[in-house]
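Residue numbers (full-length UniProt numbering), protein chains in the order written: chain V, 1 to 312; chain D, 1 to 286.
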């Protein structure tokens, strides 16, 4: 039967247009179209990133020719209390962002998944803070937390004790928590949206089965919703850890790491070391440490995924 | 007589179980999300004297001239104009760079497309801090430091890998017949790209451009590092310097903040769906 096809079919049917162009000339065209992307990427990201690794083994000051110093920069970091303190703050930050915004995001998404009327309006309301630029959020929260024109004196005028003259951003004991809370305000609505998308794709028949078994709302959430959105949950856990070690904007805008280093992060430490103290070699080492933390987190995730056979 | 509940109605009833509490919690969360923005609007309309006696409440008299004062003293006109240049150049450039790259990866013959995808994924997950310091010294040497073009070039590099992956998924879904037909008519690759491919992936370009543009509008770390000249600063940095003074006039800062927020908020509310889906996929790709 196949013989007949070659006979008449080939002559009548027009030649099928090629899906891709091939050959050496075509390969050149392909590279030319790819070139802008690769050139800017190598120039801005890959090149300087590799330079950073090299500079981290030198005494570079950012301007003059660097000299090789071996692992001295890394050894200095290991013994540097400021580095330990910054690393500790990043760890606290990670724990905060793995719990508070995650919990609020799950709660918001779960509530939204249970209602129809007004869902879009609530979703927009939750998402708006994410659209507000960091400098703008920082400005409004700086006012809300200020001791002269903020919520403290407003509450004090209603007779609430203690809060009248609290300067949350100026108090070493409170500043880190205050900045984390401000960042959470901008962040949790984004999580709501990602969790809601995931929850909406959970198979509805699982919920009906749970209800037939007489599961309460909490057990239903625990045994159906959470397992159903596990890929999103795991992915956001991973991303939260990575982002928490890179956090910069709110800290730099609100306190620059102060007061008395109480909000210093790896990123602000790096920034100060490089641009105020001109110790670019040490700063490069901090950058490499930050990249290694990201890489280790991703590697751990990939290993876990393979071990537990997660389909993500 | 009660009709037998249909499947849909039963589902709706189940959905409404415990409704008052659900709505109460939703309203509390919405108040948390929107409260600070309401405070900002109130503060922007108060005089400094009123702000210290009545920090959180409604303004007694709308002090509209806060906006004109803030507009002038925070250099908002220059800042917004600079941001417009930076944002539009970033968006257009990212679309062109990523559109071309996606076209090459999907339709043309490139060596090792899998390795290129892998490279893009790795590059998007590198922390900016890893390349910041050498990049600054490099940009100084090339004369790109403290120029808007230097900053735009950095934005092109950091926003285009994600846009490329996004546009790639758009292009894969489109059959190559139109391009093939144009080639048969003797069109060159550039013509095919600009006249056929870009119009075909228009919705993807809009999403990619929107996300890149709005990220550039709000971006802080690179802008504050790579621009010094007050005539070149984007609005974000103008606002940052405005709130750094020793005695901060919170009313004027709030007014300036609102001026910066409004264009963004307008774009968001108009293009809400595209925006949310675009940002969601950025979150997933970063």
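Glycine is no exception: its CB is placed at the ideal position from the N, C-alpha and C atoms.
Note that this is a predicted model, so its numbers are computed, not measured.
Proximity below 8 Å, CB of residue i to CB of residue j
| i | j | result |
| --- | --- | --- |
| residue 229 of chain V | residue 158 of chain D | no |
| residue 207 of chain V | residue 224 of chain V | yes |
| residue 323 of chain V | residue 164 of chain V | This structure leaves residue 323 of chain V out entirely; chain V is present only between 1 and 312. |
| residue 132 of chain V | residue 254 of chain D | no |
| residue 36 of chain V | residue 138 of chain D | no |
| residue 111 of chain D | residue 105 of chain D | no |
| residue 250 of chain D | residue 143 of chain V | yes |
| residue 242 of chain D | residue 49 of chain D | no |
| residue 258 of chain D | residue 44 of chain D | yes |
| residue 52 of chain V | residue 130 of chain D | yes |
| residue 201 of chain D | residue 170 of chain D | yes |
| residue 184 of chain V | residue 247 of chain V | no |
| residue 156 of chain D | residue 116 of chain D | no |
Contacts around residue i, its chain only, beta-carbon distance under 8 Å, and the 5 residues preceding and following it disregarded
| i | result |
| --- | --- |
| residue 69 of chain V | 57, 58, 59 and 281 |
| residue 205 of chain D | 95, 99, 167 and 198 |
| residue 199 of chain V | 109, 110, 113, 225, 228 and 229 |
| residue 77 of chain V | 83, 282, 285, 286 and 289 |
| residue 179 of chain V | 169, 250, 251, 254, 255 and 263 |
| residue 146 of chain D | 226, 227, 228, 229 and 232 |
| residue 134 of chain V | 186, 249, 250 and 253 |
Own chain partners of residue i with C-beta closer than 7 Å, once the 5 adjacent residues on each side are dropped
| i | result |
| --- | --- |
| residue 66 of chain V | 55, 58, 59, 60 and 281 |
| residue 261 of chain V | 82 and 85 |
| residue 161 of chain D | 120, 123 and 124 |
| residue 51 of chain D | 43, 250 and 251 |
| residue 332 of chain V | A query on residue 332 of chain V cannot be resolved here, the shown segment of chain V reaching from 1 to 312 and no further. |
| residue 208 of chain D | 94, 95, 98, 163, 166 and 167 |
Residue i versus residue j - alpha carbon distance
| i | j | result |
| --- | --- | --- |
| residue 196 of chain V | residue 72 of chain D | 43 Å |
| residue 235 of chain V | residue 103 of chain V | 15 Å |
| residue 194 of chain V | residue 95 of chain V | 20 Å |
| residue 159 of chain V | residue 21 of chain D | 29 Å |
| residue 181 of chain V | residue 263 of chain D | 26 Å |
| residue 298 of chain V | residue 57 of chain D | 47 Å |
| residue 219 of chain V | residue 106 of chain V | 15 Å |
| residue 90 of chain V | residue 177 of chain V | 12 Å |
| residue 294 of chain V | residue 63 of chain D | 48 Å |
| residue 127 of chain D | residue 59 of chain D | 43 Å |
| residue 30 of chain V | residue 109 of chain D | 5 Å |
| residue 26 of chain D | residue 174 of chain D | 41 Å |
| residue 32 of chain D | residue 202 of chain V | 28 Å |
| residue 148 of chain V | residue 19 of chain D | 40 Å |
| residue 272 of chain D | residue 130 of chain V | 13 Å |
| residue 133 of chain D | residue 75 of chain V | 20 Å |
| residue 46 of chain D | residue 35 of chain D | 17 Å |
| residue 192 of chain V | residue 271 of chain V | 32 Å |
| residue 24 of chain D | residue 40 of chain V | 50 Å |
| residue 181 of chain D | residue 150 of chain D | 40 Å |
| residue 153 of chain D | residue 90 of chain D | 8 Å |
| residue 82 of chain D | residue 222 of chain V | 50 Å |
| residue 136 of chain D | residue 177 of chain D | 46 Å |
| residue 210 of chain D | residue 237 of chain D | 21 Å |
| residue 80 of chain D | residue 306 of chain V | 49 Å |
| residue 213 of chain V | residue 40 of chain D | 49 Å |
| residue 266 of chain V | residue 87 of chain V | 6 Å |
| residue 98 of chain V | residue 237 of chain V | 7 Å |
| residue 192 of chain D | residue 179 of chain D | 6 Å |
| residue 267 of chain D | residue 88 of chain D | 14 Å |
Own chain residues within Cβ distance below 6 Å of residue i, not counting five before or after
| i | result |
| --- | --- |
| residue 101 of chain D | 164 |
| residue 279 of chain V | 273 |
| residue 291 of chain D | Nothing can be reported for residue 291 of chain D, as the shown portion of chain D is limited to 1 through 286. |
| residue 215 of chain V | none |
| residue 260 of chain D | 235 and 239 |
| residue 167 of chain V | 147 |
Within chain B, the residues that residue i reaches when beta carbons sit closer than 7 Å
| i | result |
| --- | --- |
| residue 189 of chain D | The structure shown contains no chain B; its protein chains are V and D. |
Check distances from the C-beta atoms of the stretch 126-145 of chain V to those of chain D and list, in chain order, the residues that come in under 9 Å.
-> Correct list: 126, 127, 128, 129, 130, 131, 132, 133, 134, 135, 136, 137, 138, 139, 140, 141, 142, 143 and 144.
Contact the stretch 241-248 of chain V vs the stretch 122-132 of chain V: 3+ CB pairs below 8 Å | No contact exists between the stretch 241-248 of chain V and the stretch 122-132 of chain V.
Mind the definition here: the stretch 173-190 of chain D touches the stretch 122-132 of chain D only if three or more C-beta pairs lie below 8 Å; say whether that holds.
-> No, they do not touch.
Taking Cβ-Cβ distances below 8 Å as the criterion, which residues of the stretch 148-164 of chain D are in contact with chain V?
-> The stretch 148-164 of chain D vs chain V, Cβ under 8 Å: 153, 154, 156, 157, 158, 160, 161 and 164.
Pull out every residue of the stretch 260-274 of chain D whose Cβ sits closer than 9 Å to any Cβ of chain V, in chain order.
-> Under the 9 Å Cβ criterion, the stretch 260-274 of chain D contributes 260, 261, 264, 265, 267, 268, 269 and 272.
Taking a Cβ distance cut-off of 7 Å, strictly less, list which residues of the stretch 39-69 of chain D are near chain V, in chain order.
-> Of all residues in the stretch 39-69 of chain D, 39, 40, 43, 51, 52, 55 and 56 have a Cβ within less than 7 Å of some Cβ in chain V.
When Cβ atoms are compared, which residues of the stretch 192-205 of chain V fall closer than 8 Å to chain D?
-> If the cut-off is 8 Å between Cβ atoms, the stretch 192-205 of chain V has 193, 194, 197 and 204 near chain D.
At least three beta-carbon pairs within less than 8 Å, the stretch 222-230 of chain D to the stretch 200-214 of chain D | Segments in contact, no.
Taking any Cβ of chain D, which residues in the stretch 46-58 of chain V have a Cβ under 9 Å from it, in chain order?
-> Of all residues in the stretch 46-58 of chain V, only 46, 47, 48, 49, 50, 51, 52, 53, 54 and 55 place a beta-carbon less than 9 Å from a beta-carbon of chain D.
Contacting positions in the stretch 288-303 of chain V - beta carbon closer than 8 Å to chain D = Of all residues in the stretch 288-303 of chain V, the ones placed with a Cβ closer than 8 Å to any Cβ belonging to chain D are 288, 290, 291, 294 and 298, in chain order.
Between the stretch 127-146 of chain D and chain V, which residues of the former have a C-beta closer than 8 Å to a C-beta of the latter?
-> Residues of the stretch 127-146 of chain D whose Cβ lies closer than 8 Å to any Cβ of chain V, in chain order: 127, 128, 129, 130, 131, 132, 133, 134, 135, 136, 137 and 138.
Could you name the residues of the stretch 17-34 of chain D whose beta carbon sits closer than 8 Å to any beta carbon of chain V, in the order they occur along the chain?
-> Under the 8 Å Cβ criterion, the stretch 17-34 of chain D contributes 17, 18, 19, 22, 23, 25, 26, 29, 30, 32, 33 and 34.
Of all the residues that make up the stretch 209-222 of chain D, which are near chain V by a beta-carbon distance shorter than 9 Å?
-> Of all residues in the stretch 209-222 of chain D, 214, 217, 218, 219, 220 and 221 have a Cβ within less than 9 Å of some Cβ in chain V.
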